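Notes for the one structure printed next.
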C-alpha cells in the first residue's frame, strides 16, 4: 500500500475480529516504524508496551478501561500502550548515551555539521549547558510527548499498511501502571487497539473534518492557506480520501456487527 492510500484508509475502526490474532511480525513492523520517527535531539522519548487481550485476566482488562475504550479492550486482540519517557532527557545528558545528540554521535556521523554551526565543541559548550541541562533539576520533563505522538502516528500508518484495523483511545493511567508496571516517569500518550477488521474497510465512510482553511494558515494566523480544489481532487483520486460518511448501509452493518460480537444494539 502506498502512503496516500494508508493515510486515506484511516478510520475510527471499532469492530475487530476477536478470534483472529495479529501475527507477531506485524506488531514488530508497527514498532519498527515508530522507532524510525523524528525525535528531538535523537533521544528516545517514546516508549511502548505491547499487551495481548488473551494474556490478561478479566480483572486486569477491567483496570485498563475508560468509558471510551471499554469495548475495544474486550474485542481488540492486541493493545499497544504509548508513553512519553519524561526521564529520557536527563538520562541522555547525564549518561551521554549513544546515539543521542548529547553523546556527540550525530556530529561524528555527519548528520549535524559545520554549515549549521555544529561541532563537538558546540555540543559541549552550548547545546549541553544552554539547551539540554536547564530545568533538569526540576524533575521529569514533559516536552517529549510530541515525539512519542510522532512515533505512535507512524506506527498507526504501518498498522494500516499491514492490513490491520487500528483505533486510538485513552486508557486508565492508574490501572495501566498497576497491570503493566510502568515507571513513574512514563507519561501516558494513548492506547492503540489493533486487530483484523470485522467491519468493512470503509467503516461507515470518510469521517468529516473542519474546513481546510479553518485549520491551516499562511504567513500569519489571520490568513487562511488557500486550498486548491484540483490538488484536493488529485489526492482523493490517488487514495487520500474516500466516500464521505455516512454510507447508506452503515446502520444495518452496525446492527449485524453488534449481533455477531454480542454487543448492545441500543
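Residue numbers (this note's numbering): 82 to 347.
All C-beta atoms, glycine included, are put in the ideal place defined by N, C-alpha and C.
Fair warning: this is a prediction, and the values are worked out from it, not measured in the lab.
> Considering only residues of the same chain and omitting the five flanking positions on each side of residue 199, which have a CB-CB separation below 6 Å?
Replying inline: Start at 1 with the first residue of the chain shown, and residue 199 comes out as number 118. Only 188, 193 meet the Cβ criterion.
> Can you give the Cα-Cα distance for residue 99 and residue 213, rounded to whole angstroms?
Replying inline: Taking the chain shown and counting its residues from 1, the one referred to as residue 99 is at position 18. Taking the chain shown and counting its residues from 1, the one referred to as residue 213 is at position 132. The straight-line gap from Cα to Cα measures roughly 45 Å.
>> According to DSSP, is residue 136 part of a helix, a strand, or is it coil?
In response: Here residue 136 corresponds to residue number 55 of the chain shown, with the count starting at 1. Helix, per DSSP.
> Under three-state DSSP, which class holds residue 130?
Replying inline: The count along the chain shown starts at 1 and reaches residue 130 at position 49. Residue 130: strand per DSSP, three-state reduction.
>> I'd like to confirm the pairing. Which residues does DSSP put opposite residue 109 in its beta bridges?
In response: Numbered from its first residue, the chain shown carries residue 109 at position 28. Bridge partners of residue 109: none, in fact.
> Measuring CA to CA, which of 106, 150, 169 is closest to residue 223?
Replying inline: Taking the first residue of the chain shown as 1, we reach residue 223 at position 142. Considering only alpha carbons, the answer is 169.
> Can you pull the DSSP bridge partners for residue 161?
Replying inline: For the purposes of this step, residue 161 is taken as residue 80 along the chain shown, with counting starting at 1. Per DSSP, 131, 273.
> Using DSSP with H/G/I as helix, E/B as strand and the rest coil, what is residue 299?
Replying inline: As a first step, residue 299 is located in the chain shown; it is residue number 218 there, counting from the start. Of the three classes helix, strand and coil, the one that applies to residue 299 here is strand, per DSSP.
>> When you measure from the CB of residue 323 to every non-hydrogen atom of the ligand SAM, does any distance come out below 8 Å?
In response: For the ligand SAM, the structure offers nothing, since it holds no ligand at all.
> What first and last residue would you give for the beta strand (DSSP E) that runs through residue 250?
Replying inline: As a first step, residue 250 is located in the chain shown; it is residue number 169 there, counting from the start. That run of the beta strand (DSSP E) goes 246-250.
>> According to DSSP, simplified to helix, strand and coil, what is residue 206?
In response: Within the chain shown, the letter at position 125 stands for residue 206. DSSP places residue 206 in helix when its eight states are reduced to three.
> Span of the alpha helix (DSSP H) holding residue 178?
Replying inline: On the chain shown, position 97 is the one that residue 178 refers to. First-last for residue 178: undefined, no H or E at that position.
> For the alpha helix (DSSP H) that residue 154 lies in, which residues bound it at each end?
Replying inline: In the chain shown, residue 154 corresponds to position 73, counting from 1. Here the alpha helix (DSSP H) through residue 154 covers 151-156.
> Are the beta-carbon atoms belonging to residue 172 and residue 209 less than 9 Å from one another?
Replying inline: As a working mapping, residue 172 is identified with position 91 in the chain shown. As a working mapping, residue 209 is identified with position 128 in the chain shown. No, Cβ-Cβ distance for residue 172 and residue 209 is not below 9 Å.
>> If contact is defined by three or more beta carbon pairs under 8 Å, each pair taking one atom from either stretch, is the stretch 263-276 in contact with the stretch 147-164?
In response: yes
>> Along the chain, where does the alpha helix (DSSP H) containing residue 224 start, and where does it finish?
In response: If you number the chain shown from 1, residue 224 lands on position 143. Counting along the chain, residue 224 falls outside any alpha helix (DSSP H), and DSSP gives it neither H nor E.
> Given residue 107, which residues of its chain have a CB within under 7 Å of its CB, disregarding the five upstream and five downstream residues?
Replying inline: Numbered from its first residue, the chain shown carries residue 107 at position 26. 243, 245.
> Under a three-way DSSP split, which group does residue 218 fall into?
Replying inline: The residue given as residue 218 occupies position 137 in the chain shown. In this structure, residue 218 counts as helix in the three-state DSSP scheme.
> Just checking my contact of residue 338 with residue 280 at CB under 8 Å: how many whole Å lie between their CB atoms?
Replying inline: As a first step, residue 338 is located in the chain shown; it is residue number 257 there, counting from the start. As a first step, residue 280 is located in the chain shown; it is residue number 199 there, counting from the start. About 6 Å separates the two Cβ atoms, so the contact holds.
> So the alpha helix (DSSP H) residue 45 belongs to, where does it begin and stop?
Replying inline: Absent from the structure is residue 45, since the part of the chain shown begins at 82 and ends at 347.
> For residue 307 versus residue 294, is the C-beta spacing smaller than 9 Å?
Replying inline: Taking the first residue of the chain shown as 1, we reach residue 307 at position 226. Taking the first residue of the chain shown as 1, we reach residue 294 at position 213. Going by C-beta atoms, residue 307 is nearer than 9 Å to residue 294.
> On the three-state DSSP scale, how would you describe residue 166?
Replying inline: Translated into the one-based positions of the chain shown, residue 166 becomes position 85. The answer is strand: DSSP assigns residue 166 an E or B state.
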